[in-house]
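S.K.:
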Amino acid sequence: MMTEEENSVDANSEFELQASQNDVGVVREFVLFLKHNKKWWLTPIIIALLLIAGIAISAGTGAAPFIYTLF
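The working numbering puts the first residue of the sequence shown at 21, with every later residue one more than the last.
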(Lines of atoms letter the chains of each structure in order from A and count residues from 1; the text may use other names and numbers.)
(Lines give C-alpha, C1' and ligand atoms only; values in the text may rest on other atoms or scores of the structure.)
Protein backbone atom coordinates (compact mmCIF):
# COMPACT_ATOMS: atom_id res chain seq x y z
CA MET A 1 0.00 0.00 0.00
CA MET A 2 1.34 3.44 -0.95
CA THR A 3 1.75 6.06 1.65
CA GLU A 4 0.65 9.63 1.21
CA GLU A 5 4.26 10.72 0.70
CA GLU A 6 4.80 8.21 -2.14
CA ASN A 7 1.60 9.38 -3.84
CA SER A 8 2.79 12.96 -3.58
CA VAL A 9 6.17 12.08 -5.12
CA ASP A 10 4.50 10.21 -7.99
CA ALA A 11 2.14 13.12 -8.63
CA ASN A 12 5.02 15.61 -8.63
CA SER A 13 7.13 13.56 -11.03
CA GLU A 14 4.16 13.09 -13.37
CA PHE A 15 3.49 16.84 -13.26
CA GLU A 16 7.13 17.60 -14.05
CA LEU A 17 7.06 15.12 -16.93
CA GLN A 18 3.98 16.77 -18.42
CA ALA A 19 5.46 20.25 -17.93
CA SER A 20 8.70 19.35 -19.71
CA GLN A 21 6.97 18.16 -22.88
CA ASN A 22 6.68 20.42 -25.93
CA ASP A 23 3.47 22.31 -26.66
CA VAL A 24 1.35 20.67 -29.35
CA GLY A 25 -0.15 23.88 -30.70
CA VAL A 26 -3.65 25.25 -30.78
CA VAL A 27 -4.84 23.50 -33.93
CA ARG A 28 -3.52 20.08 -32.93
CA GLU A 29 -4.90 20.50 -29.42
CA PHE A 30 -8.32 21.35 -30.87
CA VAL A 31 -8.21 18.29 -33.16
CA LEU A 32 -7.26 16.10 -30.20
CA PHE A 33 -10.17 17.62 -28.24
CA LEU A 34 -12.58 16.79 -31.06
CA LYS A 35 -11.19 13.27 -31.33
CA HIS A 36 -11.21 12.55 -27.60
CA ASN A 37 -14.67 13.97 -26.92
CA LYS A 38 -16.16 12.75 -30.22
CA LYS A 39 -17.39 16.22 -31.14
CA TRP A 40 -16.78 15.95 -34.91
CA TRP A 41 -20.06 17.76 -35.58
CA LEU A 42 -18.30 20.97 -34.47
CA THR A 43 -15.90 20.85 -37.44
CA PRO A 44 -18.26 22.28 -40.12
CA ILE A 45 -19.41 25.00 -37.72
CA ILE A 46 -15.82 26.06 -36.99
CA ILE A 47 -14.91 26.03 -40.69
CA ALA A 48 -17.95 28.15 -41.58
CA LEU A 49 -17.16 30.65 -38.82
CA LEU A 50 -13.55 30.91 -39.98
CA LEU A 51 -14.66 31.52 -43.58
CA ILE A 52 -17.14 34.21 -42.51
CA ALA A 53 -14.48 35.86 -40.35
CA GLY A 54 -12.01 35.76 -43.25
CA ILE A 55 -14.53 37.38 -45.58
CA ALA A 56 -15.42 40.03 -42.99
CA ILE A 57 -11.76 40.90 -42.45
CA SER A 58 -11.06 40.98 -46.18
CA ALA A 59 -14.06 43.25 -46.80
CA GLY A 60 -12.16 46.13 -45.25
CA THR A 61 -9.16 45.74 -47.55
CA GLY A 62 -8.48 46.27 -51.24
CA ALA A 63 -10.05 42.91 -51.96
CA ALA A 64 -13.53 44.25 -51.13
CA PRO A 65 -14.68 44.78 -54.76
CA PHE A 66 -13.83 41.18 -55.55
CA ILE A 67 -15.62 39.87 -52.48
CA TYR A 68 -18.79 41.86 -53.21
CA THR A 69 -19.04 40.23 -56.65
CA LEU A 70 -19.36 36.84 -54.94
CA PHE A 71 -22.65 37.91 -53.40
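All C-beta atoms, glycine included, are put in the ideal place defined by N, C-alpha and C. All of these numbers come straight from a predicted model, not from anything done at the bench.
Would you grab the beta carbon distance between Ser78 and Ile66 for me? Rounded to a whole angstrom, and I think it's under 8 Å.
M.R.: No, Ser78 and Ile66 are not in contact; Cβ-Cβ is about 19 Å, not under 8 Å.
S.K.: Report the three-state DSSP secondary structure of Gln41 (helix, strand or coil).
M.R.: If DSSP states are grouped into helix, strand and coil, Gln41 belongs with coil.
S.K.: According to DSSP, simplified to helix, strand and coil, what is Leu90?
M.R.: Three-state result, Leu90: coil.
S.K.: Rounded to the nearest angstrom, what separates Leu69 and Asn42 at their Cα positions?
M.R.: Their backbone Cα atoms lie some 29 Å apart in a straight line.
S.K.: Whose C-beta lies closer than 7 Å to the C-beta of His56 among residues of the same chain, with five residues either side of it excluded?
M.R.: Here the set comprises nothing.
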